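Q:
Chains as they are written, first to last, in this note's numbering: chain V, 2 to 156; chain L, 38 to 271.
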């Protein structure tokens with residue numbers, strides 16, 4: 002009888018441990034953004050946006066996030082960017098993840114005609130999530146950026 | 038005695054020439070003005086800027102926070118007139134219709150780079166005039182400010198062979214002429230971005246693509262807009 006519930010519970014515990022996102026406090030958004038920034042050389046100068054501009058670009062409302070840090074090539078000659086959103090709970094994080102995905106799609110549609118040569122960076126990009134934190138990075142070396150974020154998440 | 042007369046005549050002649058030059062300058066100020074002091078943020082409270090990705094950096098860097106900036110990457114004058122890519126009350130409308138619906142008291146237009154990069158200058162100029170006709174018709178109470186196209190670096194022309202400095206200068210001359218003809222204002226952000234030789238954009242002011250603006254370049258554009266939009270009659 003004991004064995005019936007022991008197996009699924011053990012599997013869940015293993016999954017949580019492997020994901021590295023369970024019970025672990027999210028790192029400060031600025032630290033995570035810094036790790037992504039330091040992971041490589043970006044094509045253009047990356048500028049940290051104001052909270053107001055970040056909210057406007059990502060369609061965030063007050064209370065959607067507890068922290069939001071966004072850096073981008075403000076010139077828009079490339080789509081390179083880093084966005085880190087920390088939310089109060091997993092439900093808010095799911096909504097934030099969806100907003101980042103929407104923003105990524107809009108970048109793809111803008112750059113497809115305008116600068117097709119930038120599309121590989123956008124195609125390689127994806128929204129990452131760990132617990133209450135979501136990250137979107139568009140970078141020349143997506144793998145390096147992803148590795149830096151996973152390291153900061155303790156994965 | 039003769040020398041004195043000669044000196045007096047020369048002085049009068051010089052004075053006349055100077056006055057004529059000053060008058061000519063005064064005529065220019067009705068279209069293009071460089072104020073001594075920039076306007077403050079309140080001036081932009083009911084203002085709107087429509088443009089392409091180049092002025093987007095003004096918004097990204099919060100350089101004129103009070104100014105509503107409506108931009109679309111790759112937007113040309115023709116696109117602003119004809120492409121239905123702005124959502125308004127559940128419908129897709131053109132950028133011109135979207136801006137008209139905002140009914141701004143002041144409208145700055147910063148378009149042209151996109152268009153000149155792939156079409157004949159005549160076509161782009163014609164589209165720009167059509168855009169102005171439409172907006173002036175829809176917004177009779179609005180003050181219009183035609184912002185020049187920014188200069189480019191050789192890398193920009195390598196990317197878009199049609200987009201050259203002479204083509205941009207010709208387009209800006211057209212903007213100046215339209216501003217004069219229609220009683221609108223022209224804002225010259227082209228000249229302050231030039232390198233010392235006046236042959237291209239200063240390399241510190243443009244991104245690697247030779248077209249978009251760095252933080253420093255965007256700051257110059259914002260400063261020039263603040264300096265040139267004020268009414269000298271105020």
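We put the CB at the ideal spot given by N, CA and C, even for glycine. Model, not experiment: these values are computed from the prediction.
Here's the rule: buried if 16 or more other CB atoms are within 10 angstroms of the residue's CB, otherwise exposed. What is residue 265(L)?
A: Its Cβ being crowded by 16 or more others within 10 Å, residue 265(L) is buried.
Q: With DSSP run on the structure shown, which of helix, strand or coil describes residue 43(V)?
A: If DSSP states are grouped into helix, strand and coil, residue 43(V) belongs with coil.
Q: For the beta strand (DSSP E) that contains residue 87(L), what are its first and last residues?
A: 84–88 is the span of the beta strand (DSSP E), which, as asked, contains residue 87(L).
Q: Would you call the segment 158–172 of chain L and the segment 107–116 of chain L touching, i.e. three or more CB-CB distances under 8 angstroms?
A: Output reads yes: the segment 107–116 of chain L touches the segment 158–172 of chain L.
Q: Taking CB distances under 8 angstroms as the criterion, tell me whether residue 220(L) reaches chain V.
A: Not an interface residue.
Q: DSSP has residue 263(L) in a bridge; who is on the other side?
A: Paired residue(s): none; residue 263(L) is not in a bridge.
Q: With 16 other CB atoms within 10 Å as the buried threshold, where does residue 276(L) fall?
A: There is no way to answer for residue 276(L), as the model of chain L reaches only from 38 to 271.
Q: Using 8 angstroms as the threshold, is the C-beta distance between residue 257(L) and residue 230(L) below it?
A: It is a contact, given that the beta carbons lie within the stated cut-off.
Q: Distance check for residue 185(L) and residue 64(L), CA to CA, integer angstroms please.
A: Because residue 64(L) sits at a pLDDT of 41, beneath the cut-off of 50, its placement in the model cannot be relied upon, and the following sentence gives the value as read from the coordinates. Computed Cα separation, rounded: 19 angstroms.
Q: Compare the beta carbon distance of residue 97(L) and residue 120(V) with 8 angstroms and say whether it is the shorter of the two.
A: Going by C-beta atoms, residue 97(L) is not nearer than 8 angstroms to residue 120(V).
Q: May I have a chain-ordered list of the beta strand (DSSP E) segments no shorter than 3 residues that lie completely inside the segment 66–152 of chain V?
A: 68–73, 82–87, 128–131 and 134–139, all fully within the segment 66–152 of chain V.
Q: Could you confirm whether any beta carbon from chain V is found closer than 8 angstroms to the beta carbon of residue 249(L)?
A: Closer than 8 angstroms to some Cβ of chain V, the Cβ of residue 249(L) qualifies, so yes.
Q: Put residue 135(L) into one of helix, strand or coil per three-state DSSP.
A: Helix at residue 135(L).
Q: Cα-Cα, which of 109(L), 196(L) and 126(L) is closest to residue 111(V)?
A: Checking every option, the nearest Cα to that of residue 111(V) belongs to 109(L).
Q: Run down chain L in chain order and give the residues with a C-beta less than 7 angstroms from the C-beta of residue 50(V).
A: Neighbours of residue 50(V) on chain L, chain order: 97.
Q: Can you tell me whether residue 159(L) is buried or exposed, with buried defined as 16 or more other CB within 10 angstroms of its CB?
A: So residue 159(L) ends up on the exposed side.
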